[in-house]
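Following: one structure in structure tokens, then a few remarks.
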DNA sequence: GTATTTGTGGATACAGCGTACGGTAGCGTC
DNA sequence: GACGCTACCGTACGCTGTATCCACAAATAC
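Chains as they are written, first to last, in the numbering used here: chain A, 1 to 219; chain B, 1001 to 1219.
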């Protein structure tokens, strides 16, 4: 079977989906492909480039959502596609924001985002656009990371409250019982019921609202 | 010289500051402390716990900003302290949002943030607070990561335009010259002049504005 | 004072990692 | 037939986190 960058990236993604980024090694990818580890270096400069490749494959999927009718719908679609991609490929969130995304599909997503935002009210010039893109991307990166991290811990601890109490509880409940973190305690105890997607949606709206507000004093 | 968790964490932080998280190893920390690598395991369960330790030391510094007069000043102070800390300890941004922050000082920062936000207009109940904290933290995490990543690439490529063109240019300019990314191209070419701190400030205001808006239809 | 237990620091070892390097087999060209 | 070139391959190096064993010193028991 003939190797190729695409095939290598595809199996790397499959392995990373299954065992996380830490569990991913060139040796395992090579073994999965039935070749020696060094064969991969004929197609890829080093592991970091392979990661870039994997990332851009994911961006390709995000870029598929294409253009919607209005700027807001487009932004919403891209944001949700990014979130969906990160939930399918949790390792993606580990890399989000941590390296420049310069692959062709990543650039396509960036272009679509920027083009949409440039049509938003409150985005008057290039500086506004620069900042709007920054704010939106920052939120998406942070929100997705947060959600994936949360999902991982609840998966490792178990979903029900009893298991949670048993694993993180001893330390965390002791901490919260000190009374030094009353607000956090209330959030932890009472706040678990919120739907993740709804929260993402709501906060995305929050950020977009902030962007589209015309402020008189801009700083 | 007597070892301690604090001393280990301190030297680990120093090494990580100097050589990044990838360049950090238990062996190097031990050598720096003049002991065998296995000694560290008397104070720390594994490398991951050491990382948690390091993270909480940084949060201690962030927590120092304490309470300001109004909720907004408090939030601004915490956000800026987080940014400052990440710029001083770039590895901190690699970890931001990627693992639960449950150390005492991290909880203190979370408490201060949540307490401040609970006094913000537009935050009416616990659900609002939960979402506001999420939105704010997401933005901070994303913005800080973005800034550190950007700083790293400009450092590795060189700051002036010529060096940039030489290192990333061949690929990136070729990409941008395809004409498929016109908006991104304009941003890259024209947008480098913005001050980072100002941008952070501006976007932070944007997010806070979004939070404090009272929306009639909340979803 | 001697014997025995206990704890503390060190050295060694293992499995796995990314990747540098040297060798070999096939093949087109003189 | 000889040669250089290219595509493949296995081996090897230095590094990682960490488990395990071992020596020695201090403390306790008789």
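Heads up, the beta-carbon is just placed ideally off N, CA and C, and yes, glycines get one too.
Asked, Found
"Using alpha carbons as the reference points, say which of 1126(B), 1088(B) and 1187(B) lies closest to residue 1152(B).", "1088(B)"
"So, helix, strand or coil for residue 140(A), using DSSP?", "helix"
"Taking only the alpha-carbon atoms, compute the straight-line gap between residue 44(A) and residue 60(A) and give it to the nearest angstrom.", "19 Å"
"For residue 1114(B), which residues from the same chain have a beta carbon less than 6 Å from its beta carbon, with the 5 sequence-adjacent residues on both sides left out?", "1133"
"I'd like to know if the region 1068–1083 of chain B and the region 1024–1044 of chain B are in contact, where contact means that at least 3 CB-CB pairs between them fall below 8 Å.", "no"
"Sorted by chain position, which residues of the same chain lie with C-beta nearer than 7 Å to residue 985(B)'s C-beta, five sequence neighbours on each side aside?", "Beyond the ends of chain B as shown, which are 1001 and 1219, falls residue 985(B); an answer cannot be given."
"Which residues in the same chain have their Cβ closer than 7 Å to the Cβ of residue 14(A), if we skip the five residues on either side of it in sequence?", "none"
"Under the assumption that residue 75(A) contacts residue 208(A) (Cβ atoms under 8 Å), give the Cβ distance between them as a whole number of angstroms.", "7 Å"
"Am I right that residue 144(A) and residue 1145(B) are in contact with their C-beta atoms under 8 Å? What's the rounded C-beta distance?", "Not quite, the Cβ-Cβ distance comes to about 11 Å (not below 8 Å), so this is no contact."
"Starting from residue 1059(B), find everything on chain A with Cβ-Cβ shorter than 9 Å and list it in chain order.", "Simply none; closest approach about 13 Å."
"Is residue 206(A) close to chain B, meaning its C-beta is less than 9 Å from at least one C-beta of that chain?", "yes"
"Please return the same chain residues whose Cβ sits closer than 6 Å to the Cβ of residue 16(A), not counting the five positions on each side in sequence.", "24 and 91"
"If the cut is a Cβ gap below 9 Å, which residues of chain A does residue 1111(B) touch?", "180, 181, 182, 183, 184 and 185"
"Determine the DSSP secondary structure at residue 1059(B), reduced to helix, strand or coil.", "helix"
"Would you mind giving the Cβ-Cβ distance between residue 1206(B) and residue 97(A), rounded to the nearest angstrom? I have them listed as a contact below 8 Å.", "Wrong, their Cβ atoms sit about 18 Å apart, outside the cutoff."
"Taking the alpha helix (DSSP H) that residue 1072(B) falls in, what are its first and last residues?", "1071–1088"
"Do residue 1204(B) and residue 1079(B) have their CB atoms nearer than 9 Å?", "yes"
"When the cut-off is 9 Å and only beta carbons count, does residue 4(A) lie next to chain B?", "no"
"Starting from residue 201(A) and walking both ways along the alpha helix (DSSP H), at which residues does that stretch end?", "196–212"
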